[in-house]
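Heads up: the sequence lines are chains A and B, in that order. The first sequence begins at 102 in the working numbering and counts up by one. The second sequence begins at 102 in the working numbering and counts up by one.
Number of protein chains: 2
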Amino acid sequence: MDEVNASRELGVRLVQAAERLKADFAEAILPFELSVPAARALLLMDEPVPMRVLSDRLTCDQSYITRIADELEGRGFIQRVPGADRRVQLLKLTRSGIRMRESVFAAVTANNRVQLHLSRAEREQLDHLVALLLGD
Amino acid sequence: MDEVNASRELGVRLVQAAERLKADFAEAILPFELSVPAARALLLMDEPVPMRVLSDRLTCDQSYITRIADELEGRGFIQRVPGADRRVQLLKLTRSGIRMRESVFAAVTANNRVQLHLSRAEREQLDHLVALLLGD
DNA sequence: TATTGTTATACTCTATAACTATA
DNA sequence: TATAGTTATAGAGTATAACAATA
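Structure, rendered in structure tokens:
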């Protein structure tokens with residue numbers, strides 16, 4: 102019963118650590134005046150990507166991608182280009198989108214607690230534990 | 102540079118694991134028709150507690166505690182009782198609040214991934230790694 | 001009939017600002 | 001003057017439902 106409580110508290114601290122990571126991310130992208138989801142989306146766009154695929158990668162609803170795409174298009178970082186299947190829109194980085202993506206990437210990696218606070222061995226341990234937690 | 106990427110992806114998975122924990126919590130309390138923050142607050146109320154103290158424990162603004170207290174009071178789970186300092190309101194569990202708190206506690210511990218998926222040794226490892234991540 | 005993307009709308013969690021009543 | 005709590009409001013992230021176009 103004490104073990105039960107310790108486990109619950111560990112869960113609370115794990116969530117706290119994750120919130121810290123998210124706060125670090127938000128702070129890192131502050132200079133770019135992008136919303137967090139838009140910055141996340143940028144990082145997931147290498148090749149031109151169907152909006153539907155992006156909603157899978159972000160694990161969010163398709164309708165939310167419309168919103169993110171509007172933001173990124175409004176800032177000139179992507180274009181919507183029609184796909185072969187004419188229902189599909191591909192999101193494609195513009196020149197300035199490519200530069201912004203690189204800036205975001207540099208900012209968030211420079212600021213990464215996981216790398217700054219953990220040794221390689223510790224990261225491997227953590228990776229394993231996280232996999233156990235996520236495993237069916 | 103590959104290590105940089107691996108660290109970032111590990112961070113993403115860590116956040117995913119935390120969201121899973123949060124989703125488990127939300128699912129566990131579903132039968133009780135409590136909001137997540139109200140359920141969290143319940144778990145933090147043992148003795149009658151000043152609203153201000155509760156806002157520290159939940160790390161949220163005081164104004165949000167008013168909202169949570171309204172919900173819990175509306176459901177009959179707490180009473181506001183005046184403190185010695187007459188600016189202060191203590192939140193105090195009612196009989197039915199005590200029972201609800203026990204139900205919530207039982208539901209969320211029965212459902213705890215950290216305990217279900219990790220051995221004691223693994224939990225200790227995780228605790229250590231989380232402390233490193235949170236450390237200044 | 002099923003799927004892609006869009007629109008409108010709404011919900012949850014949470015903060016900020018302005019206020020009151022005490023201290 | 002500073003603090004506890006309240007109120008009203010707003011903003012971020014996200015989902016749902018209904019819809020048009022296409023498959």
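The beta-carbon is built from N, C-alpha and C at its ideal position, and this holds for glycine as well.
Assuming residue i and residue j make a contact with CB atoms under 8 Å, what is their CB distance in whole Å?
i                 : j                 : result
Pro151 of chain B : Leu191 of chain B : 6 Å
Arg214 of chain A : Leu122 of chain A : 6 Å
Ala232 of chain A : Leu234 of chain B : The Cβ separation is near 17 Å, so there is no contact.
Gln216 of chain A : Val105 of chain B : 7 Å
Leu111 of chain A : Asp228 of chain B : 5 Å
Val77 of chain A  : Phe126 of chain A : Residue 77 of chain A falls outside the range modelled here, since chain A spans only 102 to 237, and no answer is possible.
May I ask you to report which of helix, strand or coil DSSP gives residue i?
i                 : result
Arg176 of chain B : coil
Arg187 of chain A : coil
Leu159 of chain B : coil
Pro151 of chain B : strand
Leu192 of chain B : strand
Please report how far the alpha carbon of residue i lies from the alpha carbon of residue j, in whole angstroms.
i                 : j                 : result
Arg141 of chain A : Cys161 of chain A : 12 Å
Glu240 of chain B : Phe178 of chain B : Absent from the model: residue 240 of chain B. The displayed extent of chain B is 102 to 237, so no value can be given.
Ala170 of chain A : Glu148 of chain A : 15 Å
Gln226 of chain B : Arg168 of chain B : 38 Å
Gln163 of chain B : Met146 of chain B : 16 Å
Glu174 of chain A : Ala124 of chain A : 25 Å
Leu230 of chain A : Asp186 of chain A : 41 Å
Ser197 of chain B : Glu172 of chain A : 48 Å
Glu223 of chain B : Ile199 of chain A : 41 Å
Gln180 of chain A : Leu115 of chain A : 38 Å
Leu131 of chain B : Tyr165 of chain B : 21 Å
Ser263 of chain B : Val113 of chain B : A question about residue 263 of chain B goes unanswered here, because the residues of chain B that appear run from 102 up to 237.
Leu135 of chain B : Thr195 of chain B : 16 Å
Val182 of chain B : Arg221 of chain A : 52 Å
Arg153 of chain A : Leu143 of chain A : 15 Å
Asn212 of chain B : Ser108 of chain A : 11 Å
Gly184 of chain B : Glu120 of chain A : 33 Å
Lys193 of chain B : Asp103 of chain A : 25 Å
Leu159 of chain A : Ala207 of chain B : 33 Å
Arg176 of chain B : Val189 of chain A : 48 Å
Gly236 of chain A : Gly236 of chain B : 27 Å
Checklist entry - Name the residues in the stretch 106 to 121 of chain A whose C-beta lies less than 7 Å from a C-beta of chain B; which are they? => result So the close ones are Ser108, Arg109, Leu111, Gly112, Arg114, Leu115, Val116, Gln117, Ala118, Ala119 and Arg121.
Checklist entry - Which residues, taken in chain order from the stretch 150 to 168 of chain A, show a beta carbon closer than 9 Å to some beta carbon of chain B? => result Thr160
Checklist entry - Got a sec: which bits of the stretch 121 to 141 of chain A sit with their beta carbon under 8 Å from any beta carbon on chain B, in order along the chain? => result Arg121, Leu122 and Lys123
Item to check | Contact residues within the stretch 212 to 231 of chain B, judged by C-beta distance below 8 Å to chain A | outcome: Asn213, Arg214, Val215, Gln216, His218, Leu219, Arg221, Glu223, Arg224, Gln226, Leu227, Asp228, Leu230 and Val231
Checklist entry - If contact means a Cβ-Cβ distance below 7 Å, which residues of the stretch 192 to 206 of chain B contact chain A? => result none
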